[in-house]
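Going by the working numbering, the residue at position 116 of the sequence shown is 221; the numbering climbs one at a time, nothing skipped.
Note that CB positions come from ideal geometry on N, CA and C, so glycine has one too.
It should be emphasised that the depicted structure is a prediction, and the values quoted were computed from it without experimental measurement.
Here is the structure we will look at, set down as structure tokens.
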Amino acid sequence: MKQFRLVSFAQWLFLIIIILFLYAPLLPPTMKSFDGVGGAWVSYQALFSDEQLLKSLKSSGIASAAAALIAPFIALVAAQLLRKFRTPGVILGIILIPLFVPGVSMGVSTALFFKLLSISPSIASIIAVQTLWALPFAFLVIVTVMASFDQVYLEAAYMSGRGPVQAFLEVELPQIHHGITGAIIFSFIISFNETIRTSIVQGGNNTVQTYIWSHYQQIGLSPKLFALMTILIVITLLLIFILAFVDFKRAKR
106 MKQFRLVSFA QWLFLIIIIL FLYAPLLPPT MKSFDGVGGA WVSYQALFSD EQLLKSLKSS
166 GIASAAAALI APFIALVAAQ LLRKFRTPGV ILGIILIPLF VPGVSMGVST ALFFKLLSIS
226 PSIASIIAVQ TLWALPFAFL VIVTVMASFD QVYLEAAYMS GRGPVQAFLE VELPQIHHGI
286 TGAIIFSFII SFNETIRTSI VQGGNNTVQT YIWSHYQQIG LSPKLFALMT ILIVITLLLI
346 FILAFVDFKR AKR
């Protein structure tokens, strides 16, 4: 009994150390964001008067929302093909390739491809690279959820006269919709926080992350930059919490 308690204590201690290692680096930006002259919240107030930042935030919102819709849709179609294709490894490899290509290489290759097609850098090119980056993650989330779905229900729907589309909408979708929701949230987070690929194809359109990077390169760290980083960290953690809550509700049901 004492040995069991000792092992349990060691496991909890190890988990706490890992959590501290992961999240302790997020605290300094929050603390530094209150170092500005003129009051504790002056750095946060300055963000709302920065027109370049607000424009970057708009670009990030548009690109991330588009990627959060496009990537899960493609991932869902690919996941359906994975289940029916005789050689699923081919589809799996095609979808997961962006995970193994360095960000700079992917960004440069995409920029050259757009140049060959005479496509100028724009919000559309940002959406393209961010969707490409978010796609493998959305695909893995959806495939994982679909693996727990019993296809007997689909066969029963087919036997009762339902077509493939109707069977999917009426039988499968209600049971995997939480996975699609998770893929949407995950894709939004991945897209919103993407920097390297975006910086190569953005042209004159900054996103929030490339704004932070360029601000750091030109001016360096400042309380305003720390304030922006703190807000983004809080938003990201909030979205992750929502994702975990959705999964918890599903498991509870």
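*For the alpha helix (DSSP H) containing LEU278, list its first residue and its last residue.*
278-297
*In or out: TRP146 buried (at least 16 other Cβ within 10 Å) or exposed?*
exposed
*asked:* Give me the residue from ALA184, THR135 and SER230 with the minimum Cα distance to GLU277.
replied: ALA184
_Coil, strand or helix - THR312 by DSSP_ = coil
*asked:* Measuring only the C-alpha atoms, how far is ILE305 from LEU201?
replied: 21 Å
*asked:* Taking the beta carbon of GLU299 as the centre, do at least 16 other beta carbons fall within 10 Å, making it buried, or is it exposed?
replied: buried
*Check each candidate in ASN310, THR236 and MET334 and name the one with the smallest Cα separation from SER169.*
THR236
*If you run the structure through DSSP and keep just helix, strand and coil, what is GLN323?*
helix
*Local Cβ density within 10 Å of GLN314, reported as buried at 16 or more and exposed below that*: buried
_Please state whether the Cβ-Cβ distance between ILE289 and LEU181 is less than 8 Å._
no
_Pairwise C-alpha distance: LEU131 and LEU342_ = 11 Å
*Cβ contact (3+ pairs, closer than 8 Å) linking the region 248-266 and the region 318-325*: no
_Inter-residue spacing [alpha-carbon to alpha-carbon] between ALA171 and LYS189_ = 28 Å
*What residue range is occupied by the uninterrupted alpha helix (DSSP H) comprising VAL234?*
228-252
*Below 8 Å CB to CB, which residues in the same chain sit around LEU158 once its five sequence neighbours on both sides are set aside?*
LEU152, VAL313, TYR316 and LEU333
*Which two residues bound the contiguous alpha helix (DSSP H) that contains GLU260?*
257-264
*Assign PRO241 to buried or exposed, taking buried as 16 or more other Cβ atoms, counted over all protein chains shown, within 10 Å of its Cβ.*
buried
*asked:* Assuming LEU348 and PHE291 are in contact, meaning their beta carbons sit under 8 Å apart, how far apart are those beta carbons, in whole angstroms?
replied: 7 Å
_SER165 versus PHE297 - alpha carbon distance_ = 6 Å
*Element boundaries [alpha helix (DSSP H), containing ALA129]*: First-last for ALA129: undefined, no H or E at that position.
*Go ahead and label SER161 buried or exposed: buried means 16 or more other beta carbons lie within 10 angstroms of its beta carbon, across all protein chains shown.*
buried
_Among ILE324, VAL257 and VAL351, the one whose alpha carbon lies nearest that of GLY287_ = VAL351
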